[in-house]
Every structure is written in structure tokens, then in C-alpha cells.
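Comments concern the structure below.
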Amino acid sequence: MTLHVGLIHYGLDRQTGGIGRYTAELAAALAQQGAAVHPLWAGPRPEGAQGVALPGAYLLPGLLTVGQAGIAWQARRLGLDLVHDPTGAMPLLLARTPRVLTIHDAIPYIYPQTSTRLDWLIYRLWLPLAVRAASAVITVSQHSRDDILTHLPIEPERVVAIPEAADRRFRPVPPAEVEPVLRQYGLERPYILYVGALESRKNLPRLLEAYARLRAWSDRWRLVIVGARKWKSSPIFATVQALGLEPHVTFTGYVADEHLPALYSGADLFAFPSLYEGFGLPVLEAMACGTPVLTANTSSLPEVAGDAALLVDPTDVAQITDAMRLALSQPALAAELRARGLARAAQFTWQRTARETIAVYERVLAGNDE
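Rendered as C-alpha cells:
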């Protein structure tokens with residue numbers, strides 16, 4: 051019997067972020083596994099897209115309010131077996147429809163100073179209610195699972211960790227294909243790369259300090275920072291100015307997914323010393339492109355990187371500098387990191403994610419029938 055899943059699509063018509071990418075990849079992989087996926091679009095449905103629109107739910111406050119009634123109605127109209135919400139905005143009004151919720155991380159609990167007021171309201175007021183109503187909660191790492199169990203009122207057996215994966219487009223890109231993309235962004239090799247949002251949790255001021263120290267050893271490498279500016283990002287740019295790094299650091303802003311594999315592949319090192327990640331997908335993306343990776347030894351990042359990256363204390367600038375210098379000065383080590391990274395990334399696939407997600411659905415439905 052075909053499983054009919056309502057999957058809430060939020061923000062996919064805008065610049066794709068982590069949750070948007072998770073939603074799109076999961077939807078495609080679930081369909082490949084035989085599930086009938088019914089996209090429930092928060093806001094206008096893009097032209098040519100399948101699924102139905104949820105009027106008035108374009109922004110998160112709308113999804114949390116009027117969108118809930120639309121979700122409940124569509125679940126009944128479409129005869130959905132369950133609704134899966136990957137945004138964290140659980141449809142509480144679905145009294146008769148099993149609900150699965152993905153909570154990607156516990157950042158507003160761990161680093162409240164980096165969160166917006168809306169994040170605070172959702173995590174402090176909404177999520178405690180949402181997890182009580184959820185049939186099951188999925189998260190993306192064991193570390194996030196531990197944090198969710200620490201901060202939210204939910205039984206351990208209802209929280210399952212299912213990892214993400216890098217899209218198949220992330221692969222080693224030949225130099226002839228890398229160069230046109232670099233020219234488009236005004237870049238030249240060699241460079242060190244960071245990919246992610248520009249926000250305080252990502253620890254970019256310390257990465258910049260480490261890079262400034264690295265330049266005292268060798269000034270060959272430019273630092274390329276890829277990502278959109280987020281809330282409270284001004285200290286990042288202040289650090290660049292204070293260290294006199296303006297001529298040596300490039301901020302590309304948001305980069306479309308189709309250009310990222312070339313940017314990863316052209317880099318001599320991917321540096322991602324984030325303070326906290328629910329998963330840390332850029333680490334896998336860089337590994338899948340054959341780029342040596344330096345990342346933090348905290349939160350979920352060691353769980354994702356395994357033995358295929360250089361792990362550092364993200365609060366220790368000297369340690370970040372030393373690891374960067376090590377990776378850039380020892381070709382044999384860089385080659386080993388590339389090989390290990392490619393093997394590590396291959397262990398994570400969206401098909402695996404979809405299979406494990408369907409297993410959660412089936413368990414929820416079996417329990418609902420009892």
C-alpha cells in the first residue's frame with residue numbers, strides 16, 4: 051500500500067538554506083522509495099510545482115497561525131496518512147492525523163544570544179507544546195538528539211536521529227570546470243574556503259584571527275567566505291577591518307547551489323570551526339568534492355566528520371592556525387584527508403535518509419492503529 055505523506059514546504063521559493071535543502075532532498079528521496087509525497091506549500095506554490103498552497107502561510111508567523119488550519123483541511127481532503135513538518139512549526143490542529151516533526155538543532159537553547167526573538171518564542175513557547183503533540187520527532191544527529199532530550203519534554207523513544215547527506219551534485223569538479231565559476235565571482239586560486247551563514251555561532255571572527263596569523267607564515271592563500279549575512283553579523287566585518295584583512299578576504303554573499311561544487315573543488319582547504327551545528331552539512335559537501343576539511347571538535351561535527359577531517363577546539367585561535375598550516379604545508383596529509391573525506395561522504399546518502407524516515411512513518415502508523 052502506498053504511503054501518502056504531506057510534507058510542508060517552507061521557504062523553498064527563496065534562497066535555499068539548510069531546512070529548505072533538507073526538505074527538497076527528502077521529498078525527492080521519499081518519492082524514489084515509493085512514497086506518495088504531497089507538498090504543502092507555505093505561501094504561493096511555484097509555477098509548475100506539484101502540491102497545494104497554504105494561503106496566508108508565506109512567513110513563519112503565518113504558518114504558525116492560519117497555516118495550521120490549512121494543513122488540517124488539506125490532510126483531510128487529500129486523505130494523508132501523516133504530515134511531516136521539517137520546519138519545526140508543528141501543525142497542532144491535526145487532531146486526527148499522525149504528525150512527524152523534524153527539529154534540526156537546539157541552538158536557541160545552547161546559544162540564546164545568537165537567536166532572534168522569533169526563534170526564542172518558537173523554542174520556548176511553541177516547541178514544548180509541539181513535541182507533546184508529535185507522534186515522533188526526527189533530528190539530524192545524535193548530538194542534537196541529546197540536546198533535544200535535555201531541553202524539551204519528550205520521551206527518548208519518540209526522538210530518532212537520522213543523518214542528512216550531500217546532494218549527488220557535490221563531487222570533485224575538474225579544473226577546467228572550476229575556473230569559469232571562479233572568474234564569475236572574481237576569485238583566483240589558491241584559497242581557503244568557508245561556506246555557511248554569516249552569524250556569530252559560526253565563529254568567523256576566530257577564523258579570521260587564525261587566518262591573519264597564518265599570513266605571518268605564508269601569504270599565498272586568500273580566504274573566501276561564502277554565505278548570506280544573518281542577524282548580528284556586523285562583528286565579522288569589524289574583525290576584518292581591525293585585522294587589516296580587507297585586501298585578502300572575499301565575501302561572495304549567497305551562492306547558488308549549482309556553483310558550490312566548483313568552489314569547494316577549487317579550494318586547498320575547507321575551514322569550518324563552527325561553535326555549534328545540528329549536523330554541519332557543508333563538511334560533507336566539501337568532503338564529497340575531495341576538499342581537505344578542518345572543522346570543530348564540538349557539537350555534531352565530529353560525528354559527521356569521523357576520522358576524515360582535522361578537528362580543532364573552535365575557541366583556540368592558535369590551534370585553528372596550526373591545523374590550517376599543517377594541512378596546507380603537507381601534501382601527503384592533504385591527499386589523505388581528500389581520500390578519507392570522499393569515503394566518509396559516500397557513507398551518507400539521501401536514500402538512506404529516506405529509508406530511515408519511512409521506517410519512522412511506519413512505526414508511527416503502526417502505533418496509531420493499535
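So for the sequence shown, my numbering puts the first residue at 51; every next one is plus one. Just so you know, even glycine gets a beta-carbon here, dropped at the ideal spot from N, CA and C.
Run the CB neighbour count on Pro162, radius 10 Å, all protein chains shown included, and call it buried at 16 or more, exposed below.
Answer is exposed; the Cβ neighbour count stays below 16.
Tell me which same chain residues have a C-beta within less than 6 Å of the C-beta of Leu325, skipping the five on either side of it?
Arg251, Asn253, Pro364
What would DSSP say about Leu113, mapped onto helix, strand or coil?
helix
Beta carbon of Asp131 nearer than 8 Å to that of Leu53
yes
Residue of Gly98, Val55, Gly316, Arg208 minimising C-alpha distance to Gln83:
Val55
Three CB pairs or more closer than 8 Å across the segment 208-226 and the segment 324-341:
yes
Exposed unless 16 or more other CB atoms sit within 10 angstroms - verdict on Thr115:
exposed
Could you pull out every residue in the same chain whose Cβ sits closer than 7 Å to the Cβ of Leu202, ignoring the five residues on either side in sequence?
Leu177, Pro178, Val181
Can you tell me where the alpha helix (DSSP H) holding Thr200 begins and where it ends?
For Thr200, the enclosing alpha helix (DSSP H) begins and ends at 192-201.
Which of helix, strand or coil does DSSP assign to Ala260?
helix
In the DSSP output, which residue or residues are listed as bridge partners for Pro342?
Under DSSP, no beta-bridge partner is assigned to Pro342.
Is it buried or exposed, Gly120, if we count other Cβ atoms within 10 angstroms and call 16 or more buried?
buried
Can you list, in chain order, the stretches of the alpha helix (DSSP H) that have 4 or more residues and sit fully within the segment 308-373?
Those alpha helix (DSSP H) runs which fall completely within the segment 308-373 and span 4+ residues are 310-316, 331-338, 351-355.
Residue burial classification, Thr403 (beta-carbon count within 10 angstroms, cutoff 16):
Classification of Thr403: buried, given that the 10 Å Cβ count is 16 or more.
Would you identify the three-state DSSP class for Gly303, choosing helix, strand or coil?
strand
Helix, strand or coil: how does DSSP classify Leu179 here?
helix
Which residue comes first and which comes last in the alpha helix (DSSP H) that contains Gly68?
68-82
Where in the segment 226-276 do unbroken runs of the beta strand (DSSP E), each at least 3 residues long, occur, reported from the N-terminal end onward?
The segment 226-276 contains these whole beta strand (DSSP E) runs: 241-245, 272-276.
Taking all protein chains shown into account, decide if Arg127 is buried (16 or more other Cβ within 10 angstroms of its Cβ) or exposed.
exposed
Cβ neighbours of Gly106 in the same chain (closer than 7 Å, five flanking residues each side left out)
Gly112, Val116, Gly117
Work out the CA separation of Pro285 and Ser165 for me, nearest whole Å.
15 Å
Rounded straight-line distance, which links the Cα of Pro352 to that of Arg263
25 Å
Candidates Ala85, Glu412, Tyr108, Pro381: which alpha carbon is nearest Pro96's?
Tyr108
So, helix, strand or coil for Ala103, using DSSP?
strand
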